[in-house]
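Notes for the one structure printed next.
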Amino acid sequence: MSSETQLGLDHSPSTLQPLLTVTGLVKKFGSFHALDGAGFNVKPGEVLGLIGPNGSGKTTCINVITGLYRPDQGTVLYQGKPIGGLPSHRLARLGINRTFQVPKPFMSLTVRENVEVAQSYGQAGGSADDGLKDIKILLEHLELDRDMNRLAAELTSAQQKMLDLARALATRPKLLCVDELGAGLNPSELSRVAERLRGLAKSGIALLVVEHLMDFVDQVTDRLVVLSAGKDIFSGPLALAARDPQVIEVFLGASDEH
């Protein structure tokens, strides 16, 4: 039995229809358009990378999808139903969760207690004993089992990132948004994280990954969407993105050649 199945994450895709569809998404802060018509979709078992320069709207997009912000225009469909504007705790019960660029665990709680709290917000199912078993398996999978009784405040930054991932997975998501999980990790840690994310995708979870580290993006994603000034300007594999003139201009600036 695979570790992903043991974790209770075997959401094997039964359809090629998108799990999440974003269309014409607009989010304004005053007169500034952080998102200005962005659109894309993610299918079960797919890892979609969301990349772009600083200020392109990547994290804002995740914040809208996961209920931290209300969209000003556009639609967010999950399993074919509109979810734009629903609060985060309701989305967690529907199967949508996320990690944060800067982890935000309950510092005064232990690792195990942090995951238990998160689990209570997730999709219902199973007994209390099953829940405790799932937590143990989850922490073993993320190499946190030896630290389960330590306070979150005592963990390294890399361990806190894994705890953030554990808390998100404890809610049994079908869609997981990952915001710069690789930032600050060393090459060995990045490889292990990439392997875990690929394993989650194989179990059927759809992943939307915001990341700046292109080597990590290459290891993890099936497809990319490139954002620029809140608009999606490219969709496809990294190899094609690296040769796309518009993408090159966005990341490197306009060429001096005429």
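In our numbering, the protein residues as written are 10 to 267. Even for Gly, the Cβ is constructed at its ideal location relative to N, Cα and C.
- Listed in chain order, the non-local C-beta contacts of N72 below 7 Å within the same chain comprise Y78, local neighbours out to five positions each way being set aside.
- Separation of P112 and L100 (C-alpha to C-alpha, rounded to the nearest whole angstrom) is 19 Å.
- Non-local beta-carbon contacts of T108 in its own chain, meaning distances under 7 Å to residues more than five positions away in sequence, involve D173, L174, A177, V187, D188 and L190 in chain order.
- In the displayed model, I214 falls within coil according to three-state DSSP, outside both helix and strand.
- Taking the Cα positions, G89 is about 32 Å away from H150.
- Taking all protein chains in view, the Cβ of G33 is surrounded by fewer than 16 other Cβ atoms within 10 Å, so the residue is classified as exposed.
- Taking all protein chains in view, the Cβ of G39 is surrounded by fewer than 16 other Cβ atoms within 10 Å, so the residue is classified as exposed.
- Under the Cβ criterion (8 Å, minimum of three pairs), the stretch 227-241 counts as touching the stretch 51-69.
- Distance between L103 and P53, taken at the CA atoms: about 15 Å.
- Distance from the Cα of F243 is smallest, within the candidate group P27, A43, N50 and K36, for N50.
- Here A179 is not near Q110, since their CB atoms are 7 Å or more apart.
- In this structure R252 is exposed. Its beta-carbon is surrounded by fewer than 16 other beta-carbon atoms within 10 angstroms.
- Within the same chain, G58, I60, E189, G191 and V226 come within 7 Å of E220 by CB-CB distance, once the 5 residues on both sides are set aside.
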